[in-house]
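Asker: In the working numbering, the protein residues as written are 39 to 307.
Beta carbons are placed, not taken as given, at the ideal position from N, Cα and C, and that holds for glycine.
All values derive from a computational prediction rather than experimental measurement.
1) Beta carbon of residue 200, beta carbon of residue 213: below 8 Å?
2) Please report how far the alpha carbon of residue 157 lies from the alpha carbon of residue 195, in whole angstroms.
3) How many angstroms separate the CA atom of residue 197 from the CA atom of residue 219?
4) Which term fits residue 139, buried or exposed, when burial requires 16 or more other beta carbons within 10 angstroms of its beta carbon?
5) When you compare the CB positions of residue 278 and residue 160, do they come within less than 8 Å of one another, or not?
6) First and last residue of the beta strand (DSSP E) that includes residue 125?
7) Straight-line CA distance for residue 148 to residue 221?
8) May I ask which residues mark the beginning and end of the beta strand (DSSP E) holding residue 166?
9) Extract the residue ranges of the beta strand (DSSP E) inside the stretch 211-263, only unbroken runs of 3 or more that lie entirely within it.
10) Is it true that the CB of residue 204 sits closer than 8 Å to the CB of residue 189?
11) Kindly list the residues whose CB is nearer than 8 Å to the CB of residue 246, restricted to its own chain and excluding five residues on each side of it in sequence; keep chain order.
12) In its own chain, which residues sit with a C-beta less than 6 Å from the C-beta of residue 176, not counting the 5 before and 5 after it?
13) Please state the DSSP three-state secondary structure of residue 205.
14) Taking 8 Å as the threshold (C-beta atoms), are residue 249 and residue 215 in contact?
15) From this set, 168, 119 and 132, which residue's C-alpha is nearest residue 288's C-alpha?
16) Thinking just about the alpha-carbon of each residue, which of 300, 126, 187 and 302 is nearest to the one in residue 282?
17) Kindly indicate the opening and closing residues of the beta strand (DSSP E) around residue 144.
18) Mapping DSSP to helix, strand and coil, what is residue 266?
19) Between the C-alpha atoms of residue 108 and residue 163, what's the straight-line distance to the nearest angstrom?
20) Who pairs with residue 294 in a beta bridge, going by DSSP?
21) Can you give the Cα-Cα distance for residue 304 and residue 268, rounded to whole angstroms?
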């Protein structure tokens, strides 16, 4: 491994298995497996950095976060380890194929409708997918305060996304979904609070999104059917926020992303 500029750095075990174009700052560039890698903080969209190192060395460029669980370059292990955080919470961990996250204060996803504000501060661990797909996860949480929420999110960008899961509203825990294409809507339904958590499944195929829920992971009634923009790629994964407080603790498990199931609309398996 040939080092550039700023000395040695530890290499995440999963970091060299796939070329990934992320963007970094305060980074240490190294040559590894025939491409340039940057280890350190990331999040600044600086195409000049990419152009400089690509021209200087004639090699592909990979930017990798300090935390291996924030790098999409990982293979194997739980699906959580393939995700990249949007608004990474201060406190989270992955163990025994479970993601435990505690929300930061006043975190939310919403665009315009009724309230007039735009918020893109919620926590989202997204796995990049292309083409038609199905994703599902099990979620449990200590939901107490108005708007406490957690579930699955599918995201194209800040203005095109859906989140679905459980949310506290008017003193009760509700099933819900928010579809945003420029502006957000909000649909809710009854949730059996005696259930030990909730299973969620989202299928995106041919410009249509199908959202299902389950109390046992076996029977999957329809929660929502809606148009959703066709995109070359999507990010999908666990989402949680607490607009009125901090400290909501949520546990996600059984997170899977797979090719779209393609089942009949009334097939509830």
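Answerer: Taking the geometry as given:
1) Not closer than 8 Å, so no.
2) The straight-line gap from Cα to Cα measures roughly 13 Å.
3) Approximately 6 Å, taken between the alpha carbons.
4) Buried is the call here.
5) Yes, the pair counts as a contact, with Cβ atoms nearer than the cut-off.
6) Premise fails: residue 125 is in no beta strand (DSSP E) and is neither H nor E.
7) Each residue's Cα considered, the two are about 8 Å apart.
8) Unbroken beta strand (DSSP E) run through residue 166: 161-167.
9) The stretch 211-263 contains, as complete beta strand (DSSP E) runs of 3+ residues, the segments 225-228, 236-243 and 246-252 (chain order).
10) The answer is yes: Cβ separation under 8 Å.
11) In its chain, beyond the 5 residues on either side, 263, 264, 265 and 266 have a beta carbon closer than 8 Å to the beta carbon of residue 246.
12) If we look at residue 176 and ignore the five residues flanking it on each side, its Cβ neighbours are 235, 237, 291 and 292.
13) Note: residue 205 maps to strand in three-state DSSP.
14) Result yes, Cβ atoms of residue 215 and residue 249 sit closer than 8 Å.
15) When only C-alpha atoms are compared, the closest one is 132.
16) The shortest C-alpha to C-alpha distance from residue 282 to any of 300, 126, 187 and 302 is the one to 187.
17) No beta strand (DSSP E) contains residue 144, which DSSP labels as neither H nor E.
18) Residue 266: coil per DSSP, three-state reduction.
19) Below a pLDDT of 50, predicted positions are generally treated as unreliable, and residue 108, at 28, falls in that range; no measurement from the model is reported.
20) According to DSSP, residue 294 shares a beta bridge with 174.
21) One C-alpha to the other measures close to 23 Å.
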